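Here is the structure we will look at, set down as structure tokens.
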Amino acid sequence: MKKTRSVRYYKDIWKLTGAMMALPGIVMIVIFIIVPFFMNVGYAFTDYNTASDVPHFIGFTNFITMFNDRDFWLVCTNTLKLILTYVLGGNILAILLGVMITNVNRKYGNFVKTAIYFPQLLSMVVVGFLWRIIFSYNNGPVNHFLEWIGVPPDMLPQWLGIPALIIPSISVALIWLISGYYSIIYHAGMMSIPMSYYEVSAIEGANKWQEFVHVTLPFLAPSITINTVLLTVESLSAFAVPASMTGGGGPGRYGTTLALWSYTTYFNNHQYGKAIAISVLLGLFAVILAFIELKILLKKEIGNA
């Protein structure tokens, strides 16, 4: 009886210790994320500005102003384009890099991992300006290469000047920035796959592509799920790279995302209520898209299991 009580006592102590260790993180999340989020939602329904002491309730006026803005649908379209290109391109490149890391000679493994991860250590503003130079019409390496392979000078694209090319160009910069981080996640997933599955597939006569499709990808389903959700949220909150690459979202708002629009509306146009309404819409988009992705991808995980 005493032994049973002693075991229960230590179990309770262990649970309490775990709860106490998690408490600082929970408090930080509540103070810096949850409370500001609900304050933001509240301010979206007021005439809040930095000059007035007490904001007054004005209902859905800020949201109506936002929806009636002539740039609203363009900015939403830009954001959706960025999500599609960023999530798809980021996952594909990260998986390819993960395969490369997994199969590289162990002697060079650490160097390759460091080289691939390095862009993640750079400031997003620095990355934005770097890719602005790379995509420069007159002096950019991309156009110099195109000219070198025979593209006439008058046919060289203005990567950050043609509306149809601005968002894809931003996506390329963002994918280059984050692919190293997500490739490490995919690499870890590949390393956890039992070698016996590959041995069986080799006995069955499967080639490398068939092994990848029928063995590697199904085991990477959990990693694909979490990376897709994270990439979606990141694309919605992308601000520094688009801002520094396009000089604030131009030309003509064709490089502006919802996050960047909220910033410029608040700090440049001083339309505080409208900017907060945009940020609330951004949060709703993130929750809805993450929910839909989890619903679809988790079903596929269960199907693969």
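Residue numbers (UniProt numbering): 1 to 305.
Even glycine gets a Cβ: it sits at the ideal position worked out from N, Cα and C.
Everything numeric in this text was worked out from a predicted model, so none of it was measured.
(Q) Using C-beta distances below 8 Å, list every residue in its chain close to MET245, excluding the 5 sequence neighbours before and after it, in chain order. (A) Counting from 1 along the sequence shown, the entry for residue 245 is found at position 245. Taken in chain order, the residues that qualify are GLY128, PHE129, TRP131, ARG132, PHE135, LEU160, SER169, ILE170, ALA173, GLY255.
Q | Proximity below 8 Å, CB of GLY180 to CB of GLN120 | A | Position 180 of the sequence shown, counting from 1, holds the residue named residue 180. Position 120 of the sequence shown, counting from 1, holds the residue named residue 120. Result yes, Cβ atoms of GLY180 and GLN120 sit closer than 8 Å.
Q.
So, at 6 Å on beta carbons, what are the nonlocal neighbours of ASN268 in its own chain, with the 5 sequence-adjacent residues on each side left out?
A. As a first step, residue 268 must be located in the sequence shown, where it is residue number 268. Taken in chain order, the list of residues that qualify is empty.
Q. Based on the DSSP output, what are the partners of THR46 in its beta bridges?
A. Numbered from 1 along the sequence shown, position 46 holds the residue referred to as residue 46. Answer by DSSP bridge pairing, in chain order: PHE57.
Q: Identify, in the order they occur along the chain, each residue of the same chain with its Cβ nearer than 7 Å to the Cβ of ARG253, setting aside the five sequence neighbours on each side.
A: Locating residue 253 in the sequence shown gives position 253, where the first residue counts as 1. Here the set comprises ASP71, LEU74, VAL75.
Q | Continuous alpha helix (DSSP H) assignments of at least 4 residues falling wholly in the segment 160–239 | A | Fully enclosed alpha helix (DSSP H) runs of 4 or longer: 163–191, 195–203, 208–211, 221–237.
Q: Take ASN91 and list the residues in its own chain whose beta-carbon comes closer than 8 Å to its own, dropping the five residues that flank it on each side.
A: Position 91 of the sequence shown, counting from 1, holds the residue named residue 91. Excluding residues within five positions, the ones whose Cβ falls inside 8 Å are TYR182, ILE224, ASN227, THR228, LEU231.
Q | Assigned exposure category for LEU289 - 16 Cβ within 10 Å defines buried | A | Here residue 289 refers to the residue found at position 289 when the sequence shown is read from its first residue. It counts as buried.
Q: Give a yes or no on whether the C-beta atoms belonging to VAL125 and ALA238 are separated by under 8 Å.
A: Walking along the sequence shown from the start, residue 125 turns up at place 125. Walking along the sequence shown from the start, residue 238 turns up at place 238. Result no, Cβ atoms of VAL125 and ALA238 do not sit closer than 8 Å.
Q | Contact the segment 270–284 vs the segment 37–54: 3+ CB pairs below 8 Å | A | yes
Q) Which of helix, strand or coil does DSSP assign to VAL142? A) The sequence position of residue 142 within the sequence shown is 142, counting from 1. It is helical.
Q.
Taking its Cβ as the centre, do 16 or more other Cβ atoms sit within 10 Å of TYR263, making it buried, or is it exposed?
A. In the sequence shown, residue 263 corresponds to position 263, counting from 1. Buried.
(Q) Going by DSSP in three states, ARG253 sits in which element: helix, strand or coil? (A) To locate residue 253, count along the sequence shown from 1; it is residue 253. The answer is coil: DSSP assigns ARG253 none of H, G, I, E or B.
(Q) If you reduce the DSSP assignment to three classes, tell me which class GLN120 lands in. (A) Mapped onto the sequence shown, residue 120 falls at position 120. Helix at GLN120.
Q) Okay, do the segment 55–67 and the segment 142–155 touch, 3+ Cβ pairs below 8 Å being the bar? A) no
Q: Indicate the three-state DSSP secondary structure (helix, strand or coil) for ILE33 in the structure shown.
A: If you number the sequence shown from 1, residue 33 lands on position 33. If DSSP states are grouped into helix, strand and coil, ILE33 belongs with the helices.
Q: Could you check if PRO242 is buried or exposed, using at least 16 other CB atoms within 10 Å of its CB as the buried criterion?
A: Here residue 242 refers to the residue found at position 242 when the sequence shown is read from its first residue. Buried, because 16 or more other Cβ atoms sit within 10 Å of the Cβ of PRO242.
(Q) Between the alpha carbons of GLU199 and VAL215, how many angstroms are there, rounded? (A) What you label residue 199 is simply residue 199 of the sequence shown in a count that begins at 1. What you label residue 215 is simply residue 215 of the sequence shown in a count that begins at 1. About 11 Å.
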